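Top line first, the protein sequences correspond to chains A and B.
Sequential numbering of the first sequence, starting at 3, is according to our numbering.
Sequential numbering of the second sequence, starting at 3, is according to our numbering.
Ideal Cβ placement from N, Cα and C applies to all residues, glycine included.
In this text, all values refer to a predicted model and were calculated from it rather than measured experimentally.
See below for the structure under consideration.
2 protein chains.
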Amino acid sequence: MPTAFLPIRPDMKATIAEILKRNQLSITESRTKILELFQDTGNALSHSMIEQETGKEFDRVTIYRTLQTFVEKGIIHTIPTADNSVLYALCKEACTQGHHHDNHVHFICDQCNTTYCLDNISTPDIKLPKGFIQTQTDLVVSGICKNCNS
Amino acid sequence: MPTAFLPIRPDMKATIAEILKRNQLSITESRTKILELFQDTGNALSHSMIEQETGKEFDRVTIYRTLQTFVEKGIIHTIPTADNSVLYALCKEACTQGHHHDNHVHFICDQCNTTYCLDNISTPDIKLPKGFIQTQTDLVVSGICKNCNS
DNA sequence: TAATGTTTTGCAACGATGTTGCAAATTCAA
DNA sequence: TTGAATTTGCAACATCGTTGCAAAACATTA
């Protein structure tokens, strides 16, 4: 049974392999490289960004399928954006398979287009009208990020 | 100068024409029919829904352009969704050209897929980390709507 | 109401995005 | 190292959205 505590190791490669193993995924080059990308950049990525960053190393389809798989396993989550492009970001360790705990606020910079997961800010409780039942809340703030604001 | 108070009239046709005129748009069949659709259904619509509802009456391109125009004029606004499909909904009268006041919460039903504008519930203020400046907040709640919950 | 100029529409063609089936290659386990 | 299972790349396709341009619809003036 998975989800042991996972310390951040100096050798990233090993850590990435562990993440894949823990999720019963075979360790392939594309999965490793894409996971690495997420860890290295730290913020959200789109399919096309990943395609660019990895060059022509992997097929478009492989990237799509890898992202799908990662979402299913709870390794990454999708972020709804105002311009309706699909973004993905690493889940915190707490995320369990299929059932994401990504109840944090997302921030998209209008200028540099970077998307941040504001892990420390959680989505507020919304009082819905009678008869409505809430299962998920997505909150996306856009504006100027701290890098562009200087 | 426009934006006079606009009462809800028994003759919808006239009202729709007025909305178009007020926004310096010529009154065409497609614009009228599409605006009518929004008023009749009351909730959010996607491009494909509009295409279905209007049959093959209008070209795909015309629908795209009509929606674009309506967004620019502040007649409708877009709604970001978790599955990244593009949805549009009527703005309240307060919306002014280019500058939307759509600071209300949206609700999407997981079951019937209907999207509601919860006009009375406005988006909360989020305290961002130092250096971040907020210009817009989008909040989408999903779950079960009052029609499906019975 | 008819003639005029302007705006809008429909068509064709295109690019980007995302999906599926299948054979070849890779990974895993013994 | 070998065989079974999984994953990848390719081809083909469907959907979504955009652009240029000629024809049609609309608004305006007389």
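- For Leu141 (chain A), the C-beta contacts it makes with chain B under 9 Å involve Thr125, Pro126, Ile128, Thr139, Asp140, Leu141 and Val142, in order along the chain.
- When DSSP states are grouped into helix, strand and coil, Ala91 (chain A) belongs to the strand group.
- With fewer than 16 other Cβ atoms from the protein chains shown falling within 10 Å of its own Cβ, Arg62 (chain B) counts as exposed.
- When DSSP assignments are scanned along the stretch 17-102 of chain A, the uninterrupted stretches of alpha helix (DSSP H) that are 4 or more residues long and fall wholly within it turn out to be 31-43, 49-55 and 62-75.
- Rounded to the nearest angstrom, the gap between the Cα atoms of Asn86 (chain B) and Thr117 (chain B) is 13 Å.
- In this structure, the CA atom of Val73 (chain A) is about 13 Å from the CA atom of Leu47 (chain A).
- Look at Phe72 (chain A): its C-beta is not under 8 Å from any C-beta on chain B.
- Here Gln113 (chain B) has Ile146 and Cys150 as same chain residues with Cβ atoms under 7 Å from its own Cβ, once five neighbours each way along the sequence are excluded.
- For Leu120 (chain B), the closest of B:Gln54, B:Asn45 and B:Leu130 by C-alpha to C-alpha distance is B:Asn45.
- Note that the C-beta distance between Leu141 (chain A) and Phe109 (chain B) is not below 8 Å.
- When secondary structure is reduced to three states using DSSP, Ile146 (chain A) falls in the strand class.
- Taking a Cβ-Cβ threshold of 9 Å, the residues of chain B close to Phe134 (chain A) are Phe109, Cys111, Tyr118, Leu120, Val143, Gly145, Ile146, Cys147, Lys148 and Asn151, in chain order.
- In the DSSP assignment, Leu120 (chain A) falls within the unbroken beta strand (DSSP E) covering Thr117 to Ser124.
- The beta-carbon distance between Ile78 (chain A) and His106 (chain A), rounded to whole angstroms, is 14 Å. This is too long to meet the 8 Å contact definition.
- Here Ile18 (chain A) is buried. Its C-beta has 16 or more other C-beta atoms within 10 Å.
- Counted as a single uninterrupted DSSP element, the stretch harbouring Ile128 (chain A) is not any beta strand (DSSP E), since DSSP gives it neither H nor E.
- Listed by position along chain B, the residues whose Cβ is nearer than 7 Å to that of Val88 (chain A) are Asn86.
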